[in-house]
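Notes to accompany the following structure.
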Amino acid sequence: MNPVKRSSRLLRQQGIRVLRETPTSPGRAQGPESKWPAKQAHQTINSCVLFTWKCSRNGGGHPLSLRLPLCFSQSLLKPSLSLSLVLKRLFELSAFDDAPLQVQYSAVCPPLGLESLRVKDTQLRASSYKRRGLGPHRGRLNIQSGLEDGDIYDGAWCAQYEDKKQWLEVDALRPTRFTGVILQGRSSIWRSVTFKVQFSNDTLVWKSAMNGSEEAIFQGNQDTETPVLALFNESSTVARYIRINPQTWHENGTVCLRAEVLGCKLPDPNNIYAWQQTEQSSHDKLDFRHHNYKEMRKLMKSVTEDCPDITRIYSIGKSHMGLKMYVMEISDNPGKHELGEPEFRYVAGMHGNEVLGRELLLNLMQYICQEYKQGDQRIVRLVKETRIHLLPSMNPDGYEMAYKKGSELAGWALGRYSYEGIDMNHNFADLNKVMWDAIEYDFQNNDKSKLINHYIPIPEYYTSEDAFVALETRAVINWMQNIPFVLSANLHGGELVVTYPFDRTEDWAPRDDTPTPDNSFFRWLATVYASTNQAMSNPDRRPCHNENFQRYNNIINGANWHTVPGSMNDFSYLHTNCFDVTVELSCDKFPHASELPTEWMNNRESLLVYMEQVHRGIKGVVRDKDTEAGIADAVIKVDDIDHHVRSVADGDYWRLLNPGEYEVTASAEGYNPSTRRCQVMYDHYPTVCDFRLTKTPRQRLKEMLAKGIKPPKDLQIRLRQLRLRKNVMGTFS
Numbered sequence: 001m002n003p004v005k006r007s008s009r010l011l012r013q014q015g016i017r018v019l020r021e022t023p024t025s026p027g028r029a030q031g032p033e034s035k036w037p038a039k040q041a042h043q044t045i046n047s048c049v050l051f052t053w054k055c056s057r058n059g060g061g062h063p064l065s066l067r068l069p070l071c072f073s074q075s076l077l078k079p080s081l082s083l084s085l086v087l088k089r090l091f092e093l094s095a096f097d098d099a100p101l102q103v104q105y106s107a108v109c110p111p112l113g114l115e116s117l118r119v120k121d122t123q124l125r126a127s128s129y130k131r132r133g134l135g136p137h138r139g140r141l142n143i144q145s146g147l148e149d150g151d152i153y154d155g156a157w158c159a160q161y162e163d164k165k166q167w168l169e170v171d172a173l174r175p176t177r178f179t180g181v182i183l184q185g186r187s188s189i190w191r192s193v194t195f196k197v198q199f200s201n202d203t204l205v206w207k208s209a210m211n212g213s214e215e216a217i218f219q220g221n222q223d224t225e226t227p228v229l230a231l232f233n234e235s236s237t238v239a240r241y242i243r244i245n246p247q248t249w250h251e252n253g254t255v256c257l258r259a260e261v262l263g264c265k266l267p268d269p270n271n272i273y274a275w276q277q278t279e280q281s282s283h284d285k286l287d288f289r290h291h292n293y294k295e296m297r298k299l300m301k302s303v304t305e306d307c308p309d310i311t312r313i314y315s316i317g318k319s320h321m322g323l324k325m326y327v328m329e330i331s332d333n334p335g336k337h338e339l340g341e342p343e344f345r346y347v348a349g350m351h352g353n354e355v356l357g358r359e360l361l362l363n364l365m366q367y368i369c370q371e372y373k374q375g376d377q378r379i380v381r382l383v384k385e386t387r388i389h390l391l392p393s394m395n396p397d398g399y400e401m402a403y404k405k406g407s408e409l410a411g412w413a414l415g416r417y418s419y420e421g422i423d424m425n426h427n428f429a430d431l432n433k434v435m436w437d438a439i440e441y442d443f444q445n446n447d448k449s450k451l452i453n454h455y456i457p458i459p460e461y462y463t464s465e466d467a468f469v470a471l472e473t474r475a476v477i478n479w480m481q482n483i484p485f486v487l488s489a490n491l492h493g494g495e496l497v498v499t500y501p502f503d504r505t506e507d508w509a510p511r512d513d514t515p516t517p518d519n520s521f522f523r524w525l526a527t528v529y530a531s532t533n534q535a536m537s538n539p540d541r542r543p544c545h546n547e548n549f550q551r552y553n554n555i556i557n558g559a560n561w562h563t564v565p566g567s568m569n570d571f572s573y574l575h576t577n578c579f580d581v582t583v584e585l586s587c588d589k590f591p592h593a594s595e596l597p598t599e600w601m602n603n604r605e606s607l608l609v610y611m612e613q614v615h616r617g618i619k620g621v622v623r624d625k626d627t628e629a630g631i632a633d634a635v636i637k638v639d640d641i642d643h644h645v646r647s648v649a650d651g652d653y654w655r656l657l658n659p660g661e662y663e664v665t666a667s668a669e670g671y672n673p674s675t676r677r678c679q680v681m682y683d684h685y686p687t688v689c690d691f692r693l694t695k696t697p698r699q700r701l702k703e704m705l706a707k708g709i710k711p712p713k714d715l716q717i718r719l720r721q722l723r724l725r726k727n728v729m730g731t732f733s
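This is the structure:
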């Protein structure tokens, strides 16, 4: 049997699914003593298999040994070190005839949680540090420094002294089998280049990771951002404490690093460490893993097969690389807008490396399907009264780039941008500028003709083919224009906070509170999500990176955090009827698959209760009093709120409002306006405020003349009186 078939059969016997690759032609044999540097794992680390081939050359001779780790992601789909490369090396050694093939397993454990903050600050110690802002609590993978670091927030742990005695220590709190570490530099020349690793059970006696009979020296960072994985060998690495001990660092720099530790907690049959079980795991039967494009599509299809009566999959366009942007619709009448039923959307994956939102939406569609079938009254009511649209991946190209590297190894920015390098959260038309320019024009010229507070048109330059606008952004804008969304949330990652519009400052300041006319309702929306999110509302949590949002109750005006021109939230508010907020779901942009059940429990209630807010405020239908036909594009104005909404094709409208009494006016071209008072209650359903508008005499005359009908005398007299009144008013003015 040839070596490819032999190896593949063995993998299948061990329950490992192999994606076949055509082995490359063997190169010139280098001999067993030549070095072959092992590649770093490029996938999310769930498990690794340590393959050891022990064999002899053709015709006898000394036995040869080849030991290589193959790391697999998620459900063991893609090896980081391709099988073809392993087989190529075995070809080079020419050692296959009658060679015994042995396989040893060395599972690589999930991260302890330095990046996700499961590891508390009190579990981190260091030999020394330059200042508080560079202390051990900052030695976390992907931690970011702020615009104003001060003495608290900076981008790494940095030792005070430049010698080989410096270390960063992590207390796992219980016996743990450590299998590797991931290191990252600081955004400067301050970084570790090589390092040792030590283990201890009491912090007094330390044992080094070994490479044979010598202390192992691991390769650290060659740049400031790329995470570097170091896996330990199969020797025992069970301990409670682990230290990272830098040995060399960048010339003219100093000792700095950010880290994650991979480790499996040992079984606890006697419940000695039961007090440490603080995380709530999910009992929902959902597919908790990371899904690439094909797996996402397969999962969505399975949901439609399980719940065909309430689900529909459709695509709003394609990415630059041709991947479809799939949406899951959930409704009791999928595929159709129903009169009076509001449209809701969740968008995830605008930044492709912020993956938690993608998985939460996939979990959400599974959960709604399951609970609907089981008759959960809350879910049944939500499905029957709301048309829900879930877009799990707005930037599928960026996601695939991050997914290939995987959790912990994708870094902070890989996959954030579109394939063309566009940040989609800055890529929508900047309608704020259009609005503020009109206000300035009115102030200087006393001319209100350019003033508009809603449905602001997109500038011509933005719609040209040469405009630097991503295909994905254009697809979402078309989606917004075709479906009358009322409420939305844009799911991001890398922080724990909910932001609300405006996202852009008026004077281009780096940050400044810039509220909308609906500021009180936006604050309510943000509070609803943040207060029901278990991670955000935890009073004992520490800040993710460089700002403590707990002092703002985990909500903030977007522009008061950092200015974002061309954001989707501002565009949605100014160009459509839809209110949109941004939810930063987790400190970790790409949490490990093992953390997904906990993240689902953190967000499940928030996702549901936020959707229910689409039923807060008033709704109704604007009709023609004579024909009872719905009037499209009627303007709905609420006194004291300088932002209007419009009715849609069938005349129905929705206006999100907090509880209170409001004076509401409906107006439409060719009709006399109508005003009524509407009372919004604290109930979980909207107040119905319908309007019936009468045509103006001029409009009635216009329609009669168009039909060839002679106007009645009373209408002619009425029009004559209106003309006389207009002339008199013009004389006095």
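Counting along the sequence shown from 1, when you hit position 538 you're at 538 in UniProt numbering, and nothing is skipped either side. Where a beta carbon is used, it is the ideal one built from N, C-alpha and C, also for glycine. If you're wondering where the values come from, they're calculated on a predicted model, not measured in any experiment.
By the neighbour-count criterion, in which a residue is buried when 16 or more other Cβ atoms sit within 10 angstroms of its Cβ, Ala-535 is buried. Beta-carbon to beta-carbon, Gly-352 and Asp-397 are separated by about 7 Å, close enough to satisfy the 8 Å threshold.
By the Cβ rule, the segment 257 to 264 counts as touching the segment 108 to 122, because three or more pairs are nearer than 8 Å. Between the beta-carbon of Ala-559 and that of Arg-504 there is about 6 Å, and that keeps the pair under the 8 Å contact cut. In the displayed model, Lys-285 falls within coil according to three-state DSSP, outside both helix and strand. Excluding sequence positions up to five before and after Thr-203, its CB lies within less than 8 Å of the CB of Glu-169 and Tyr-241, all in the same chain and listed in chain order.
Contact annotation, Glu-420 with His-320: C-beta distance approximately 6 Å; criterion of less than 8 Å satisfied. As computed with DSSP, Ala-209 is found in no beta bridge at all.
Residue environment analysis places Leu-339 among the exposed positions, since fewer than 16 neighbouring C-beta atoms fall within 10 angstroms of its C-beta.
Looking at the DSSP output, Trp-654 bridges to Lys-619. Note: Ile-330 is bridge-paired with Thr-311 and Ile-388 in the DSSP secondary-structure output.
Boundaries cannot be given for Cys-109, as no alpha helix (DSSP H) includes it and DSSP labels it neither H nor E.
Leu-705 and Ala-666 have their C-alpha atoms roughly 26 Å apart. Counting along the chain, Gln-184 sits inside the beta strand (DSSP E) bounded by residues 168 to 184. Nearest to Val-664 by alpha-carbon distance, out of Asn-201, Lys-164, Gly-620 and Gly-133, is Gly-620.
Nearest neighbour of Thr-176 by Cα position, chosen from Asp-268, Gly-185, Glu-371 and Gly-133, turns out to be Asp-268. Looking from the CA of Ala-526, the closest CA among Val-327, Asp-512, Asp-580 and Tyr-462 belongs to Asp-580.
Here DSSP, grouped into helix, strand and coil, assigns Cys-369 to helix. Per DSSP, the beta bridge partners of Gln-198 are Ser-208 and Arg-243. Counting the other CB atoms within 10 Å of its CB gives Lys-589 a total of 16 or more, which places it among the buried residues. Secondary structure at Ser-302: helix, using DSSP grouped into helix, strand and coil.
Taken through DSSP and simplified to helix, strand or coil, Ser-418 comes out as coil.
For Thr-598, the enclosing alpha helix (DSSP H) stretches over residues 596 to 612. Bounds of the alpha helix (DSSP H) holding Ser-572 are 568 to 575. For Arg-511, there is no enclosing beta strand (DSSP E), since its DSSP letter is neither H nor E. Counting C-beta atoms within 10 angstroms of its own C-beta, Ser-331 has 16 or more neighbours from the protein chains shown and is therefore classed as buried. With contact defined as three or more Cβ pairs closer than 8 Å, the segment 365 to 378 and the segment 445 to 465 are not in contact.
Here the alpha carbon of Gln-222 sits roughly 41 Å from the alpha carbon of Ile-316. The three-state secondary structure of Met-394, taken from DSSP, is coil. In the structure shown, Trp-157 falls within a strand segment according to DSSP collapsed to helix, strand and coil.
Rounded to whole angstroms, the Cβ separation of Trp-524 and Asn-363 is 26 Å, and the two are not in contact under 8 Å. Residue pairing for Ile-556: DSSP places it in a beta bridge opposite Thr-499. Here Ile-709 is exposed: its Cβ has fewer than 16 other Cβ atoms, across all protein chains shown, within 10 Å.
The segment 427 to 436 and the segment 566 to 577 touch, with no fewer than 3 CB-CB distances between them shorter than 8 Å.
Using a C-beta cut-off of 8 Å, the segment 483 to 492 makes contact with the segment 639 to 656, since at least three inter-stretch Cβ pairs fall below that distance. Assigned with DSSP and collapsed to three states, Phe-579 falls in strand.
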